[in-house]
């Protein structure tokens with residue numbers, strides 16, 4: 002039954018009232034709420050299920066024949082026209098579930114549009130952040146920063162080379178090549194590394210050029226390995242190193258040749274006799290270096306009081322591949338060595354010290370003391386020739402190569418030596434050191450050898 006237009010204001014609240022059929026499907030309904038406002042709906046049935054779609058508010062002041070809604074709502078005729086539009090959409094989309102399917106399609110389209118807009122916004126944000134990171138990387142993660150971080154890494158491992166590397170990097174890269182030093186580490190080229198080496202070679206510092214290459218190569222190797230090696234600090238990944246430019250350069254082989262001038266046995270005897278005249282900590286430190294078997298200078302100078310017992314003095318060998326901690330190197334205490342260690346026992350923690358143990362003697366200082374003690378008695382004397390002289394003397398006395406290597410802590414490599422051989426070789430080291438003392442205290446020309454078939 003048709004309801005007059007002027008009766009829409011007199012409806013019973015809360016009930017849906019059908020006003021008329023809508024072409025091509027459904028009906029126009031109205032419902033009055035508790036506060037007296039009436040609302041139009043289009044009602045339809047699809048596959049046995051009813052649904053209603055809101056149209057809008059009934060505008061009581063709108064002319065009855067008005068075909069367009071006002072700002073306040075719809076006339077009955079305008080609502081019927083709107084319901085017909087909804088019904089047409091329903092028929093057009095029956096294949097996807099009619100008007101409800103159409104609404105779902107609209108919602109999916111809206112969500113897809115929002116997703117695309119959100120992705121575009123996110124991509125813009127990522128691009129902006131990437132640009133900021135790139136700017137930061139160029140200013141922060143440069144060559145100089147990476148090299149200094151590598152030095153800190155060496156120091157954390159107890160590797161004594163960190164101070165030498167730090168000095169070379171500061172003098173011959175950061176100061177000498179500030180533009181390259183400020184360049185992102187992952188953009189440095191092999192040619193730029195070679196130019197740094199070339200400058201040193203032209204200055205006559207061939208050996209320093211090779212050391213610069215070696216340290217830079219090691220720093221890049223650590224940063225590159227940080228991507229897959231968990232033991233390397235995460236901070237190295239920030240440099241994004243994928244190639245090692247220093248590995249593509251070539252060292253000056255002539256500068257890497259070892260010193261072929263070990264002190265002869267007679268020179269060692271002369272050196273020992275001269276040391277008897279050197280007083281104070283100078284003589285003590287130089288005699289300890291020789292009596293211990295010519296240990297590496299930097300390592301013996303770091304000997305601390307807590308690592309000395311009645312039988313053994315423990316030092317640490319920091320030579321080896323980056324990333325490896327220093328290897329403990331026990332030195333047996335012979336009677337002559339023990340006397341020298343007792344002479345400086347008041348120094349703590351560093352035994353070999355000029356300030357009561359607060360700091361240890363510098364390597365350059367000890368080398369200078371040795372040169373001063375020798376004077377012109379041994380032509381071309383350098384303290385580093387003592388180490389090779391000791392090994393040469395032991396070799397001439399038929400001490401097996403493995404025992405000599407164990408005493409001076411070098412050439413210890415291979416799976417068996419590094420992983421399975423847990424023997425400390427203290428007895429062999431002790432006998433080798435006692436033999437050195439006999440060699441030093443025998444008259445010049447005297448030959449000392451091990452008895453055949455016996456260990457030293």
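In the working numbering, the protein residues as written are 2 to 457.
Positions of the beta carbon are idealized from the N, C-alpha and C atoms, including for glycine.
Check: Does the contact criterion of 3 or more C-beta pairs under 8 Å hold for the stretch 345 to 354 versus the stretch 298 to 305?; Outcome: yes
Check: What's the gap between the Cα of residue 247 and the Cα of residue 439?; Outcome: 47 Å
Check: Could you tell me if residue 113 is buried or exposed, where buried requires 16 or more neighbouring beta carbons within 10 angstroms of its beta carbon?; Outcome: exposed
Check: What do you get for residue 141, buried or exposed, if any count of 16 or more other CB atoms within 10 angstroms of its CB means buried?; Outcome: exposed
Check: Since residue 379 contacts residue 271 with CB under 8 Å, what's their CB separation in whole angstroms?; Outcome: 6 Å
Check: Look at the Cβ atom of residue 68, then the Cβ atom of residue 53, and state whether they are nearer than 7 Å.; Outcome: no
Check: Do residue 182 and residue 144 count as a contact pair if the criterion is CB distance below 7 Å?; Outcome: yes
Check: With three or more C-beta pairs closer than 8 Å as the rule, is the stretch 183 to 190 touching the stretch 144 to 157?; Outcome: yes
Check: Rounded to whole angstroms, what is the Cα-Cα separation between residue 414 and residue 330?; Outcome: Low confidence applies here, because residue 414 scores a pLDDT of 49, under 50, leaving its location unreliable and the question unanswered by this model.
Check: Give me the Cβ distance between residue 18 and residue 31, rounded to the nearest whole Å; I'm assuming they're in contact under 8 Å.; Outcome: 5 Å
Check: Could you have a look at residue 416 and say whether DSSP puts it in helix, strand or coil?; Outcome: Note that residue 416 scores a pLDDT of 38, beneath 50, so its modelled location is shaky; the value from the coordinates is reported in the next line. Helix at residue 416.
Check: Alpha carbons only, please: which of 210, 343, 189, 191 is nearest the one belonging to residue 199?; Outcome: 210
Check: Once DSSP output is grouped into helix, strand and coil, what is the label at residue 232?; Outcome: coil
Check: With distances taken from CA atoms, which of 110, 357, 81, 95 is nearest residue 48?; Outcome: 95
Check: Given a threshold of 16 other Cβ atoms within 10 Å of its Cβ, counted over all protein chains shown, does residue 421 qualify as buried or as exposed?; Outcome: The predicted model places residue 421 with a pLDDT of 35, which falls under 50 and marks its position as unreliable; any figure quoted below should be read in that light. Burial call: exposed.
Check: Can you find the residues in the same chain that come closer than 6 Å, C-beta to C-beta, to residue 332, ignoring five residues on each side of it along the sequence?; Outcome: 293, 314
Check: Determine the direct distance from the alpha carbon of residue 110 to that of residue 91, and round the result to whole angstroms.; Outcome: 18 Å
Check: When the Cα atoms are used, what is the spatial distance from residue 276 to residue 282?; Outcome: 11 Å
Check: At the level of alpha carbons, what is the spacing between residue 285 and residue 398?; Outcome: 26 Å
Check: Using a 10 Å radius around the Cβ and a threshold of 16 neighbouring Cβ atoms, would you call residue 160 buried or exposed?; Outcome: buried
Check: Are the stretch 220 to 228 and the stretch 150 to 168 in contact at 8 Å, needing three or more beta carbon pairs?; Outcome: yes
Check: Under the three-state reduction of DSSP, which class applies to residue 407: helix, strand or coil?; Outcome: helix
Check: Hey, which unbroken runs of the alpha helix (DSSP H) at 4 residues or more fall wholly within the stretch 35 to 94?; Outcome: 77 to 93
Check: Restricting to Cα atoms, I'd like to know which of 328, 311, 340 is closest to residue 318.; Outcome: 328
Check: For the candidate residues 26, 50, 14, whose alpha-carbon lies nearest to that of residue 40?; Outcome: 14
Check: Would you kindly work out how many angstroms separate the C-alpha atoms of residue 309 and residue 433, rounded to a whole number?; Outcome: 20 Å
Check: When the Cα atoms are used, what is the spatial distance from residue 443 to residue 262?; Outcome: 22 Å
Check: Considering only the beta carbon of each residue, do residue 57 and residue 43 sit closer than 7 Å?; Outcome: no
Check: Leaving out five residues on either side along the sequence, give the residues of the same chain with a beta carbon under 6 Å from the beta carbon of residue 296.; Outcome: none
Check: Checking the sheet assignment: what are the DSSP bridge partners for residue 329?; Outcome: 317
Check: Short check: CB of residue 269 to CB of residue 381, under 7 Å?; Outcome: no
Check: Can you grab the Cα-Cα spacing for the pair residue 337 / residue 156, in whole Å?; Outcome: 33 Å
Check: Just to confirm, are residue 342 and residue 368 a CB contact at a threshold of 7 Å?; Outcome: no
Check: Going by DSSP in three states, residue 271 sits in which element: helix, strand or coil?; Outcome: helix
Check: From residue 245 to residue 225, what does the alpha carbon distance come to, in whole angstroms?; Outcome: 8 Å
Check: To which residues of the same chain is residue 236 closer than 7 Å at the C-beta, ignoring the five residues directly before and after it?; Outcome: 150
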